[in-house]
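Trainee:
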Amino acid sequence: MPYIRSLEKTPEVTDPLLKACGGCFICAAARYDEADTDVETAMRDRLVLWRSELSVCIVNRYPYTNGHLMIAPRRHEAFLENLTTDEAADLHAQTVRAIELLKAVMHPQGFNVGINLGSAAGAGAPGHLHRHIVPRWGGDANFMSVVGNVRVVPEAVEVTWRTLREALRA
43 MPYIRSLEKT PEVTDPLLKA CGGCFICAAA RYDEADTDVE TAMRDRLVLW
93 RSELSVCIVN RYPYTNGHLM IAPRRHEAFL ENLTTDEAAD LHAQTVRAIE
143 LLKAVMHPQG FNVGINLGSA AGAGAPGHLH RHIVPRWGGD ANFMSVVGNV
193 RVVPEAVEVT WRTLREALRA
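Under the numbering used here, the first residue of the sequence shown carries the number 43, and numbering increases by one thereafter.
1. Determine the direct distance from the alpha carbon of R173 to that of R204, and round the result to whole angstroms.
2. Among A212, N108 and N124, which one has its Cα closest to the Cα of P115?
3. Taking only three categories from DSSP, how would you classify F153?
4. Can you find the residues in the same chain that come closer than 7 Å, C-beta to C-beta, to A165, ignoring five residues on each side of it along the sequence?
5. As an exercise, report each continuous beta strand (DSSP E) stretch of at least 3 residues that is fully enclosed by the segment 81–159, in chain order.
6. Can you tell me whether DSSP reads R207 as helix, strand or coil?
7. What does the alpha-carbon distance come out to for the pair L206 and V90?
8. Under 7 Å between the Cβ atoms of S94 and D132?
9. For the alpha helix (DSSP H) that A167 lies in, which residues bound it at each end?
10. Using the C-alpha atoms, what's the distance from G180 back to D87?
11. Span of the alpha helix (DSSP H) holding A212?
12. Considering only the beta carbon of each residue, do H134 and C63 sit closer than 7 Å?
13. Provide the residue(s) that pair with H174 in DSSP beta bridges, ordered along the chain.
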């Protein structure tokens, strides 16, 4: 309940990149180069793997498992039905690209792919629609979050980001 109640409070936003969207970390990831001259550092700090014209792909800072990525439209939009045809097509194309990258680098045995629409559905950033791509392996530790109220992630997200960025460069 304390977490749920905290969602009602509006955090103070000091970062100029985030003021327009009320603190949206996805918007900051989508337009990092507007204020940053060192693009690679800005990408690393925001865990951005790549951006297309209409979408951004980031490593989830609070993953369910290693390689948990998020694809989002660059435009701040909460509702799937409000995406343009081009945005929806690009969201799908970047999802396919993310899956191909994860298959090549991490060799998962399956994937969970989905969108949580709204706070009640579990969206951590309900104002900015995003799709989760979660690689899965037989016997992975997903039960831990249900049974033990803890997540087991054997690799830091910054290491996952670096590994996937290096694979993209190759």
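Idealized CB from N, CA, C, for every residue including glycine. Treat the numbers as computed from the prediction; the structure is a model and nothing was measured.
Mentor: Looking at the coordinates:
1. 21 Å
2. N124
3. strand
4. N158 and L159
5. 90–93, 97–101, 111–115 and 152–157
6. helix
7. When rounded, the distance between both Cα atoms is 10 Å.
8. yes
9. No alpha helix (DSSP H) contains A167, which DSSP labels as neither H nor E.
10. 31 Å
11. Where A212 is concerned, there is no enclosing alpha helix (DSSP H), given that its DSSP letter is neither H nor E.
12. no
13. In the DSSP output, where bridge partners are listed per residue, H174 has M112 and G156.
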